[in-house]
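Below is one structure, written out as structure tokens, with a few remarks after it.
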Ligand code: GLY
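Numbering (my numbering), first residue to last: 8 to 383.
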């Protein structure tokens, strides 16, 4: 029996839409990022978080056809054009940023200018592809001495913009770069026991593998939960775009390892391999992202066990992380933005809210496919 009956999901969706409607009535040129108490902190379009708010608005527009959501999402798009024009903090996060803004707008409204903007972003992302290593450089200026050789787990969720651009333009370079990067992520970010490194360095001159390192995990030997969640969903999406069984098996193996490392609450801690004296913050966002990945795996292979795993993650978030304060602006509590820097260690996170709503809509089988090739 499904862990989450529709009679549970539908009222949850109504409740989240109410919160989103209140939030959408606020500032239309800025972006909720993370929570402080029961409020969101809003920022300009200048960091990796900016895509998730338009993404939520587009999900809400799809669910309700309420033009408030559409108007607000469309009003944000010029800030994304300006960001590319002025090259404001451009990294591998172009996928997160332009998939949920420009691609989503094109997908739901047929706006060709939005499509063109998403393609411009994809071209910039392809510009971060490094030969001879055959990977997408995550951070820093292309070829920078300190960052030119680094890949990170999160990039797997930026690749859908490249897969989409390949399908949209017929230019095979986009897909080749994304596939090569996926193979490298499997080979160098996954450990033999199914856990993962957050990042890995190559020699950028020769492309030879060098060493793993963490950035947001506890240490180099630990296992950053959200990075692993990005891998699960990213591998599943690469499997969907490429119809590739190796990618799908890897997604499934990564999902099982993640589930086996969860505490009894089934809400991930921020790092899945913590020593006894380490801080034990939860990261609800990692649970929501991983659930979306598991639901995608289930959809691709009619895997009922994987659907149940995804549902049980969402059920755990509903049980213990849902915002209960009616005035609270966010949906999910207990996200961990960046524990090593102690940024928002126990807060709403806009991407946690995004993937939670995406998962709820996925469970109703009525969700636009912003990341995959599926259309609506
Ligand atoms: N992509 C950055 C993060 O997940 O914190």
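Beta carbons are placed, not taken as given, at the ideal position from N, Cα and C, and that holds for glycine.
Coil, strand or helix - residue 60 by DSSP: helix
Secondary structure of residue 380, DSSP reduced to three states: coil
Residue span of the alpha helix (DSSP H) that contains residue 304, given as start and end: 291-308
Spatial neighbours of residue 24 in its chain, beta-carbon cut-off 8 Å, leaving aside the 5 residues before and after: 67, 70, 71
Assigned exposure category for residue 333 - 16 Cβ within 10 Å defines buried: exposed
Contact check, residue 266 vs residue 186, beta carbons under 8 Å: no
As assigned by DSSP and simplified to three states, the class of residue 267: helix
Buried or exposed (CB count within 10 angstroms, at least 16 for buried), residue 227: exposed
Distance cut-off 7 Å: residue 161 Cβ against heavy atoms of the ligand GLY: yes
Spatially closest choice to residue 150 from 210, 252, 336, 102, by CA coordinates: 210
Opening and closing residue of the beta strand (DSSP E) in which residue 217 lies: 216-220
Same chain, Cβ closer than 7 Å to residue 57, neighbours up to 5 away in sequence not counted: 38, 104
Neighbourhood of residue 73 by C-beta, 8 Å cutoff - its chain only, sequence neighbours within 5 removed: 28, 67
Residue 17 classed as buried or exposed, judged by whether at least 16 other C-beta atoms fall within 10 angstroms: exposed
Residue 378 Cβ short of 7 Å to the ligand GLY heavy atom set: no
Residue 230: CB within 7 Å of a non-hydrogen atom of the ligand GLY: no
For residue 170 and residue 125, the rounded distance between their alpha carbons: 12 Å
Inter-residue Cα distance where the pair is residue 288 and residue 341: 8 Å
Same chain, Cβ closer than 7 Å to residue 374, neighbours up to 5 away in sequence not counted: 365, 368
DSSP-derived helix/strand/coil call for residue 202: coil
Same chain, Cβ closer than 7 Å to residue 213, five either side skipped, listed in chain order: 139
Coarse secondary structure for residue 71, derived from DSSP in three states: helix
Beta-carbon separation (whole angstroms), residue 208 vs residue 141, contact threshold 8 Å: Actually they do not touch by this definition, with Cβ atoms about 15 Å apart.
Residue 138: CB within 7 Å of a non-hydrogen atom of the ligand GLY: no
Buried versus exposed, by CB contacts within 10 Å (16 or more), residue 383: For residue 383, the predicted structure reports a pLDDT of 44, less than 50, and the residue's modelled location is therefore unreliable. A value from the coordinates is still provided. The residue is exposed, with fewer than 16 neighbouring Cβ atoms inside 10 Å.
Helix, strand or coil at residue 50 [DSSP, three-state]: strand
Backbone CA spacing between residue 147 and residue 176 [nearest angstrom]: 28 Å
Three-state class that DSSP yields for residue 278 in the structure shown: strand
Residue 233 Cβ short of 7 Å to the ligand GLY heavy atom set: yes
Residue 378 classed as buried or exposed, judged by whether at least 16 other C-beta atoms fall within 10 angstroms: buried
Contact set for residue 33: own chain, Cβ-Cβ below 7 Å, skip 5 residues either direction: none
Residue 285 versus 243, 247, 347, 261, residue with shortest Cα-Cα distance: 347
Beta-bridge pairing of residue 350 - partner residues as DSSP gives them: 345
As assigned by DSSP and simplified to three states, the class of residue 225: coil
Unbroken beta strand (DSSP E) run spanning residue 40, endpoints: 38-43
Length of the line joining the Cα atoms of residue 376 and residue 283: 40 Å
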